[in-house]
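Have a look at the structure below before the remarks.
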Amino acid sequence: MGSLSSSMWIAAQALDADQGALDVTSNNIANQNTPGYSREVAIFAEAAPTEENNVTYGNGVVLQQIQSITDQVLQIQIADQNQQQSSAQAQYNALQQVQTLFSNPTQGIGADFTAFFNSISQLSTDPASMPDRQAVLAAAQNLAGDFNSTEQNLDSIQSSLNQSVTQNVTQINTLTQQIAQLNVQVGQMQKLGQDPGSLGDQETQLIQQLSQLTNVNQIQTENGLTLTTGNGTPLVVGGQSFALQTTSGPNGMTDISSQGQDITSSLQGGQLGGNLQIRDTAIPSMLSQLDNLASQFSASMNAAQASGYDLNGKAGQPLFSDTSGPGAASNLTVAITDPSLIAASSDGTSGSNGNVANLMAVQSQALPSGEDPLDTYSSLVSQTGNLTDQAQAEVTASTASLNQLNDQLGSVSGVNLDEETTNLMNYQRAYEAAARVVSTVDELTQSVLDMGSGVTAAP
Amino acid sequence: MRVNPNFTPDILTDLFQQQAQEQTYIEELSTGQSVNQPSDNPAAFAADVENQSLQSQTDQYLQNTSNLEGTLQTADSALSSVVTSLNQAISLGVQGGSSNLSSSDLQALAQQVQSIQGQVVQLANTSYEGSYLFGGTSTGSAPFALDSTQPSGVQYNGNTGVNNVEIAQGTSIQVNVPGSQIFQGTGGSVMGSLQQLVTALQSGNTTSIGTATTQVSNALNYLSQQRVFYGSAISQLDSNQSDLQQDQVNLQTQENTLVGANMATVATDLSQAQTAQSATLAALAQIIPQNLLSYLK
């Protein structure tokens with residue numbers, strides 16, 4: 410049978426539940442701009458009824474659960490898109506620095522080649538002229554200097570990428586440690602059927618940050634998540650995190666290993682993957698092309714020098730220092746300082762320009778690598794342009810799809826103020842109504858108590 | 080349907096993209112180029128590197144052409160003076176050939192021819208910017224020296240080398256004729272005939288004087304033939320110069336096609352981008368303050 414006290418009890422429970430719901434709403438509003446926050450919903454349920462004399466009495470409401478609204482599949486897609494976007498962005502940032510080295514068609518190695526051959530062409534009109542010979546030397550020095558500085562600039566971009574790689578590894582290790590800690594708690598809560606709520610949000614957020622650094626595979630197990638790199642090297646298993654180690658490799662570049670195994674070449678995606686891609690593939694390829702160009706060009710020039718005679722009638726000496734292998738471009742120097750040593754003459758007389766044709770031929774003849782010097786250089790420039798262009802297109806595309814995925818996730822998990830305000834008003838009204846029930850029942854109880862006091866003994 | 084309530088990242092991305100686009104247009108307008116770095120258009124940028132090189136080479140060919148004009152014109156005008164000198168020598172020879180001259184008159188004529196001989200040697204030693212023009216490729220020292228022990232009266236210290244200079248892609252031009260060929264050629268030796276005339280005048284033999292005068296006249300003809308080389312080289316340089324100037328115009332047009340910006344299009348694009356940006360900003364300003372709370376008191 411219903412009673413005033415049970416009504417009071419039901420109202421008090423309703424007050425509790427509404428207060429809880431108001432808390433949830435308040436928490437949602439408070440976190441509307443918190444990155445990674447998933448909106449929460451108060452789930453009400455009817456309390457178990459009591460049955461008495463074949464009448465079933467409802468026992469009010471309970472706040473059964475506070476549920477985080479999110480979408481695991483979307484989260485995984487976002488993580489994947491994150492690593493692509495971060496990788497493309499890291500590559501684009503580095504390549505932009507690289508392409509500025511080649512950005513001026515009227516300066517740099519390409520223009521130097523032309524200026525150098527122009528100075529030789531000028532010398533052909535007056536082969537004994539010291540000023541013209543001096544100009545050839547100066548142009549050669551310019552060319553060598555730009556070879557040096559271009560390679561050195563590439564080297565320094567490479568070593569700054571190397572620093573980023575080391576930093577990325579440190580960040581990854583910090584994140585995997587934090588994730589491992591959360592992973593235990595979240596796993597336990599999930600095992601008990603509880604909603605991990607903000608702990609889950611935090612873990613997801615950390616995994617997103619980790620994806621921005623490298624490609625991460627997520628496997629859901631009984632004991633929480635297992636995270637591995639793209640090729641299966643474990644990062645987090647349950648409550649344990651596996652730190653990546655950095656060691657200095659033979660070429661001065663940082664190698665990355667996990668449990669004693671070098672995994673540098675298998676790491677892909679994210680900032681780390683992007684940085685490694687440019688550090689270990691793009692820049693080394695440019696460096697070796699530049700080195701080949703420097704050594705093949707200087708060898709051809711020296712051979713052309715040797716086929717002629719200098720101003721003193723002596724056989725031509727090498728114009729450039731003999732240079733080959735890695736670092737050839739940065740070691741390229743002009744071997745002679747005396748302008749009279751330029752071998753313009755083909756017969757040993759000072760006025761002959763017969764060997765100029767041989768010197769000039771280097772400009773248009775294919776080097777062993779297949780193209781003439783300027784073409785070799787300009788194909789390096791267009792390669793750099795293509796790489797940068799591709800990276801830029803990939804940044805644009807992956808940013809767009811990342812935004813789209815985030816929009817989708819936002820439509821599921823985002824805090825909508827209109828919705829929260831509506832909920833706020835609903836819970837407020839419900840709370841007020843329940844409070845009114847309390848005061849009504851209180852009045853009724855008062856009436857019951859007053860029942861006795863109003864009756865006085867007859868005189 | 081629920082939509083993403085947090086639209087600011089999307090709008091900001093749009094705004095950033097619009098701003099980046101505007102900056103690109105502004106850069107294109109201010110540089111006049113649509114390709115400002117390799118990634119803007121890798122193929123066009125690489126082609127522009129080649130184009131710049133060709134333009135610079137063409138400049139050098141023009142420079143070579145004008146340097147050579149100086150050399151060749153100096154040589155040509157020296158030879159023109161030699162022609163004048165030889166004509167004087169011929170008239171002196173004709174004068175010496177008439178029978179009524181005294182021995183002292185003939186000696187005086189011989190001296191005059193000797194002085195012409197000296198002038199011709201001087202002309203044969205003409206230099207331009209420190210290089211002797213008629214010494215073959217031996218340009219460092221004077222090619223001709225008077226030497227009475229030689230049958231031609233001079234010693235040739237030059238060689239028979241010739242130089243060629245590239246004046247356009249794949250086109251070279253010979254820029255000198257060795258002095259031995261001009262002044263001591265098999266078709267008529269300028270130096271030899273002058274020496275012969277001096278000797279003849281000194282000897283007073285009328286027949287010898289006549290023969291020698293004919294020799295000088297032959298040498299003059301031969302020299303004039305040699306001079307044609309310089310004249311035609313100069314006219315080749317002239318026509319080469321106008322060809323190169325045309326090349327320059329073509330290369331600049333090509334450059335403009337490769338990397339130049341179409342100003343009218345870019346300006347229109349820029350104003351469209353600006354309109355789009357202000358529309359986005361206006362939308363943002365209207366949407367942000369709007370939610371249910373604004374209607375509750």
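In the order they appear, the protein sequences are chains A and B.
Heads up: the first sequence begins at 410 in my numbering, then just goes up one per residue.
Heads up: the second sequence begins at 80 in my numbering, then just goes up one per residue.
Here a beta-carbon is modelled for each residue, glycine too, at the ideal position from N, C-alpha and C.
In this text, all values refer to a predicted model and were calculated from it rather than measured experimentally.
Of all Cβ atoms in chain D, is any one closer than 8 Å to the Cβ of B/L371? In the structure shown, chain D does not exist; the protein chains are A and B.
Original post:
So is B/G267 buried or exposed if we call it buried at 16+ other beta carbons inside 10 Å?
Top reply: Here residue 267 of chain B refers to the residue found at position 188 of the second sequence. By the beta-carbon neighbour count (other beta carbons within 10 angstroms, threshold 16), B/G267 is buried.
- Query: Is there at least one Cβ from chain B nearer than 8 Å to A/T443's Cβ?
  - Reply: Counting from one through the first sequence, the residue named residue 443 of chain A turns up at place 34. With 8 Å as the cut-off, A/T443 does not count as an interface residue toward chain B.
Margin query: Under 8 Å: do the segment 503-511 of chain A and the segment 535-550 of chain A share three or more Cβ pairs, one atom per stretch?
Written below: No: the two stretches stay apart, fewer than three of their Cβ pairs being nearer than 8 Å.
Fill in: Cβ distance (whole Å) where B/N238 is taken to contact B/S251 below 8 Å
Sequence index remark: in the second sequence, residue 238 of chain B carries index 159 (1-based). Sequence index remark: in the second sequence, residue 251 of chain B carries index 172 (1-based). By a beta-carbon distance limit of 8 Å, B/N238 does not contact B/S251. Their separation comes to about 20 Å.
Open item on the list: Just to confirm before moving on: does the CB-CB distance between A/N513 and B/Q139 stay below 8 Å?
Closed with: Taking the first residue of the first sequence as 1, we reach residue 513 of chain A at position 104. Taking the first residue of the second sequence as 1, we reach residue 139 of chain B at position 60. Their beta carbons are not under 8 Å apart, which means A/N513 does not touch B/Q139 by this criterion.
Review point. Hey, how far is the Cα of A/T793 from the Cα of A/Q799?
Key: Along the first sequence, one-based indexing puts residue 793 of chain A at 384. Along the first sequence, one-based indexing puts residue 799 of chain A at 390. Cα atoms of A/T793 and A/Q799: separation of roughly 10 Å, rounded to the nearest angstrom.
Item to check | Rounded straight-line distance, which links the Cα of A/Q492 to that of A/Q649 | outcome: Position 240 of the first sequence, counted from the start, is the residue given in the question as residue 649 of chain A. Position 83 of the first sequence, counted from the start, is the residue given in the question as residue 492 of chain A. Each residue's Cα considered, the two are about 23 Å apart.
Q) Does the beta-carbon distance from B/A168 to B/L273 come in below 8 Å? A) As a working note, residue 168 of chain B is residue 89 in the second sequence. As a working note, residue 273 of chain B is residue 194 in the second sequence. For B/A168 and B/L273, yes; Cβs fall inside 8 Å.
* Asked: So what's B/T250 in DSSP terms, helix, strand or just coil?
  -> Working through the second sequence from its first residue, we reach residue 250 of chain B at position 171. Strand at B/T250.
(message) Check whether chain B comes within 8 Å of A/S709, counting only Cβ atoms and requiring the distance to be less than that.
(response) Counting from 1 along the first sequence, the entry for residue 709 of chain A is found at position 300. At a cut-off of 8 Å, the C-beta of A/S709 has no neighbouring C-beta in chain B.
**Prompt:** Can you name the residues that DSSP bridges to A/Y466?
**Reply:** The sequence position of residue 466 of chain A within the first sequence is 57, counting from 1. Paired residue(s): A/T459.
**Prompt:** Who are the neighbours of A/V545 on chain B, taking C-beta pairs under 9 Å?
**Reply:** By one-based count along the first sequence, residue 545 of chain A stands at place 136. For A/V545, no chain B residue has a C-beta closer than 9 Å to its own C-beta; the minimum C-beta separation is roughly 12 Å.
From A/Q484, A/S495, A/Q428, A/S416, pick the residue whose C-alpha is nearest to that of A/G469; which is it? Here residue 469 of chain A refers to the residue found at position 60 when the first sequence is read from its first residue. Comparing Cα positions, the closest option is A/S416.
Checking contacts by CB at 8 Å: is A/M695 closer than that to chain B? Sequence index remark: in the first sequence, residue 695 of chain A carries index 286 (1-based). Between A/M695 and chain B, the shortest Cβ-Cβ separation is not below 8 Å.
Practice problem: Would you kindly check if the distance between the Cβ of A/S694 and the Cβ of A/V771 is under 8 Å? | Solution: Within the first sequence, numbered from 1, the residue matching residue 771 of chain A stands at position 362. Within the first sequence, numbered from 1, the residue matching residue 694 of chain A stands at position 285. Result no, Cβ atoms of A/V771 and A/S694 do not sit closer than 8 Å.
Sheet register partners of B/S282 (DSSP bridge)
Against the second sequence, residue 282 of chain B aligns to sequence position 203. Residue pairing for B/S282: DSSP places it in no beta bridge.
For B/S259, return the contacting residues in chain A, with the cut-off set at a CB-CB distance below 9 Å. Along the second sequence, read from residue 1 onward, the residue named residue 259 of chain B stands at position 180. B/S259 does not reach chain A, its nearest Cβ partner there being about 14 Å away, counting only Cβ pairs nearer than 9 Å.
Quick one: measure Cβ to Cβ for A/T559 and A/I518, integer angstroms, because I've assumed they're closer than 8 Å. In the first sequence, the residue the question calls residue 559 of chain A occupies position 150. In the first sequence, the residue the question calls residue 518 of chain A occupies position 109. About 6 Å separates the two Cβ atoms, so the contact holds.
So, do the segment 282-290 of chain B and the segment 132-149 of chain B have three or more beta carbon pairs nearer to each other than 8 Å?
-> Flag = no, the segment 282-290 of chain B and the segment 132-149 of chain B do not touch.
* Go ahead and label A/M834 buried or exposed: buried means 16 or more other beta carbons lie within 10 angstroms of its beta carbon, across all protein chains shown. => Indexing the first sequence from 1 puts residue 834 of chain A at position 425. Residue environment: A/M834 is assigned as exposed (fewer than 16 neighbouring CB atoms within 10 Å of its CB, all protein chains considered).
Exercise. If you draw a straight line from the alpha carbon of A/T523 to that of A/T575, how long is it in whole angstroms?
Worked result: As a first step, residue 523 of chain A must be located in the first sequence, where it is residue number 114. As a first step, residue 575 of chain A must be located in the first sequence, where it is residue number 166. The straight-line gap from Cα to Cα measures roughly 41 Å.
- prompt: Thinking C-beta only, is A/T732 closer than 8 Å to A/S704?
  reply: Against the first sequence, residue 704 of chain A aligns to sequence position 295. Against the first sequence, residue 732 of chain A aligns to sequence position 323. Yes, Cβ-Cβ distance for A/S704 and A/T732 is below 8 Å.
For this session: Can you tell me which of the three DSSP states B/Y211 falls into?
Result: In the second sequence, residue 211 of chain B corresponds to position 132, counting from 1. Reduced to three states, the DSSP call for B/Y211 is strand.
Determine the extent of the beta strand (DSSP E) in which B/S217 is found, giving its start and end residues.
-> Within the second sequence, numbered from 1, the residue matching residue 217 of chain B stands at position 138. Run containing B/S217: none; DSSP gives neither H nor E here.
Taking the CB atoms as reference points, tell me whether A/T635 and A/I628 lie closer together than 8 Å.
-> For the purposes of this step, residue 635 of chain A is taken as residue 226 along the first sequence, with counting starting at 1. For the purposes of this step, residue 628 of chain A is taken as residue 219 along the first sequence, with counting starting at 1. Remark: C-beta atoms of A/T635 and A/I628 approach each other more closely than 8 Å.
Could you name the residues of the same chain whose beta carbon sits closer than 6 Å to that of B/F308, not counting the 5 residues immediately before and after it, in chain order?
On the second sequence, position 229 is the one that residue 308 of chain B refers to. Residues V256 of the same chain have their beta carbon placed closer than 6 Å to that of B/F308, with the five preceding and five following residues left out of the count.
A/V433 versus A/Q474 - alpha carbon distance: Position 24 of the first sequence holds residue 433 of chain A. Position 65 of the first sequence holds residue 474 of chain A. Taking the straight line joining both Cα atoms gives about 11 Å.
I'd like the span of the alpha helix (DSSP H) that includes B/Y140, first residue to last.
Here residue 140 of chain B refers to the residue found at position 61 when the second sequence is read from its first residue. Counting along the chain, the alpha helix (DSSP H) containing B/Y140 begins and ends at 121-176.
Taking Cβ positions, are B/F213 and B/G258 nearer each other than 8 Å? Taking the first residue of the second sequence as position 1, residue 213 of chain B is located at position 134. Taking the first residue of the second sequence as position 1, residue 258 of chain B is located at position 179. Yes, the Cβ-Cβ distance between B/F213 and B/G258 is below 8 Å.
* Measuring CB to CB, does A/A451 end up less than 8 Å from A/L472? -> Position 42 of the first sequence, counted from the first residue, corresponds to residue 451 of chain A. Position 63 of the first sequence, counted from the first residue, corresponds to residue 472 of chain A. In this structure, A/L472 lies closer than 8 Å to A/A451 by Cβ.
Practice problem: Please report the residue range of the alpha helix (DSSP H) in which A/P693 lies. | Solution: If you number the first sequence from 1, residue 693 of chain A lands on position 284. Taken as a continuous stretch (DSSP letters only), the alpha helix (DSSP H) holding A/P693 covers 692-715.
Taking CB distances under 8 Å as the criterion, tell me whether A/S733 reaches chain B.
Reading the first sequence from its first residue, position 324 is the one you call residue 733 of chain A. By this cut-off, A/S733 is not an interface position.
Return no unless some Cβ of chain A is closer than 8 Å to the Cβ of B/E208. In the second sequence, counting from the first residue as 1, residue 208 of chain B sits at position 129. True, the Cβ-Cβ gap to chain A drops below 8 Å.
(Q) In whole angstroms, give me the CA-to-CA distance for A/P540 and B/Q96. (A) Stepping through the first sequence from its first residue, residue 540 of chain A is reached at position 131. Stepping through the second sequence from its first residue, residue 96 of chain B is reached at position 17. Between A/P540 and B/Q96, the C-alpha separation is close to 53 Å.
Report task. Tell whether a beta-carbon distance below 8 Å holds between B/N319 and B/T150. Result -> Counted from its first residue, the second sequence places residue 319 of chain B at position 240. Counted from its first residue, the second sequence places residue 150 of chain B at position 71. In this structure, B/T150 does not lie closer than 8 Å to B/N319 by Cβ.
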